[in-house]
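This report refers to the structure that appears directly beneath it.
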Amino acid sequence: MEYLISFIYFLVSFGILAGIYGVFTLGLNVHWGYTGLFNIGVAGFFALGAYTAALLTTTPPSPDQFEDFIFGGNLGNTLRLGIDLWFIVALAGAAAVSGIVALVVGGITLRLRDDYLAISTLGIAESVRLMFLNEKWLGNGSRGLYKIPKFLGDRVSPDQYDLLYFAVVIIVLAALYFAVQRAIDSPWGRVLRAIREDEEATAAAGKNVFRFKLQAFILGAAVMGIGGALYAHGFRYVDPFVFDPLLATFIIWVMLMVGGSGNNLGALLGAFIVWGIWSSTQFLPQEINNPNLRFFLIGFLLVLVILLRPNGILGERRRVSEG
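Numbering-wise (this note's numbering), the sequence shown opens with residue 2 and increments by one.
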């Protein structure tokens, strides 16, 4: 019975993290899968979303610093009406800050070629991480922000909180999936796919390519910001080392490539498969259980998918008109 309970807790913890990574893959799919924007700075929007949510809901270690600005001070207690409205404010704030930063960054970088865009987004992501690491007044430096409030606070017992938060993550993930899918199925989404296939032809058809790319960049970044907020309130602690490019950017790229870019269901499937491999290695014998094995297994899976299904497990379905 104890093993069954432990296994259930493992599945719930796995579902929380896999669902959060699913949010990131949805945002990256908007960038790369539908628009062709080579963004390898996912960690930057991850960090912005997580720190924004934490700062909006947590009293800083030094209360005399900007306490009136954050909802963790006096304002946090007023945002409760049946449910914790501060949580909704945290998600919205994370999306807004990430979107605003994407607007500024995109206005500068989206006119660059794909390789320059990739280098720029990577540099910006590292700049964001180092800013939170070195500016102690902003995010408490290397110590990070802790005691981030739980959803519904103390009204839920610690034993039941993970199960509740798993439901919250799945609900948010489902809402984002349907919102993104609806946008992609609209004429706006068809323009994005046209830009991905041929920018010059799309511009010749009278579409403002830069404007559409900027809109897609903002949307994907806002989705990633929500993922960061979910992570912050799920683990209740963030520090700059969480946003290492390996676990905050490149593993998300692997998830998208394994599942299938250009397909939102494929993006979610890739997130659950890759994180399943990553987390299940803890059950292996200690003699062979080490981080290098995780990297090997995920790399091996990526090579297999590239060789056997280059478009991913659930690749994009190409639509060709009869005409």
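In this text, a Cβ means the ideal position worked out from N, Cα and C, and glycines have one as well.
Point to revise | Residues of its chain near Pro-241, where Cβ-Cβ distance is below 6 Å and the 5 sequence neighbours each way are ignored | key: Arg-130, Phe-133, Leu-134
Exercise for review: Output the boundary residues of the alpha helix (DSSP H) element that contains Leu-315.
Suggested key: Unbroken run through Leu-315: none, as it is neither H nor E.
Check your understanding: Relative to the alpha-carbon of Pro-246, which residue among Asn-40, Leu-5, Val-13, Ile-21 has its alpha-carbon at the smallest distance?
Key -> Asn-40
**Study point:** Pick from Phe-236, Trp-279, Gly-261 that is closest to Tyr-1, judged by C-alpha positions
**Key:** The chain is shown only over 2 to 324; residue 1 falls outside these bounds and no answer can be derived.
**Study point:** Counted within 10 angstroms of its Cβ, other Cβ atoms place Phe-284 as buried (16 or more) or exposed
**Key:** exposed
**Study point:** With 16 other Cβ atoms within 10 Å as the buried cut-off, status of Trp-276
**Key:** buried
**Study point:** Secondary structure, alpha helix (DSSP H): runs of 4+ residues fully inside the segment 157-237
**Key:** 159-186, 188-198, 200-205, 210-236
**Study point:** Beta-bridge partners of Tyr-147, as assigned by DSSP
**Key:** Tyr-238
Review point. Cα separation between Asp-116 and Val-173?
Key: 33 Å
Review point. Hey, Ala-272 and Gly-23 are a contact pair by Cβ (cut 8 Å); roughly how many whole angstroms apart?
Key: 4 Å
Review point. Using a Cβ-Cβ distance under 8 Å, would Ile-171 count as near chain D?
Key: Among the chains of the structure shown, chain D does not appear; only one protein chain is present.
Review point. Given that a residue counts as buried once 16 or more other Cβ atoms are within 10 Å of its Cβ, and exposed if not, what is Gln-287?
Key: exposed
Point to revise | First and last residue of the uninterrupted alpha helix (DSSP H) at Leu-266 | key: 265-281
Review point. Would you report the Cα separation of Ile-89 and Leu-294, rounded to the nearest angstrom?
Key: 39 Å
**Study point:** alpha helix (DSSP H) runs wholly inside the segment 111-136, at least 4 long, in chain order
**Key:** 115-135
Check your understanding: Roughly how many whole angstroms lie between the Cα atoms of Ile-21 and Arg-114?
Key -> 30 Å
Practice item. Would you grab the beta carbon distance between Leu-146 and Val-239 for me? Rounded to a whole angstrom, and I think it's under 8 Å. Key: 5 Å
Practice item. Specify, as a first and last residue, the run of the alpha helix (DSSP H) that Leu-309 falls within. Key: 292-309
**Study point:** Straight-line Cα distance separating Glu-3 from Asp-160
**Key:** 14 Å
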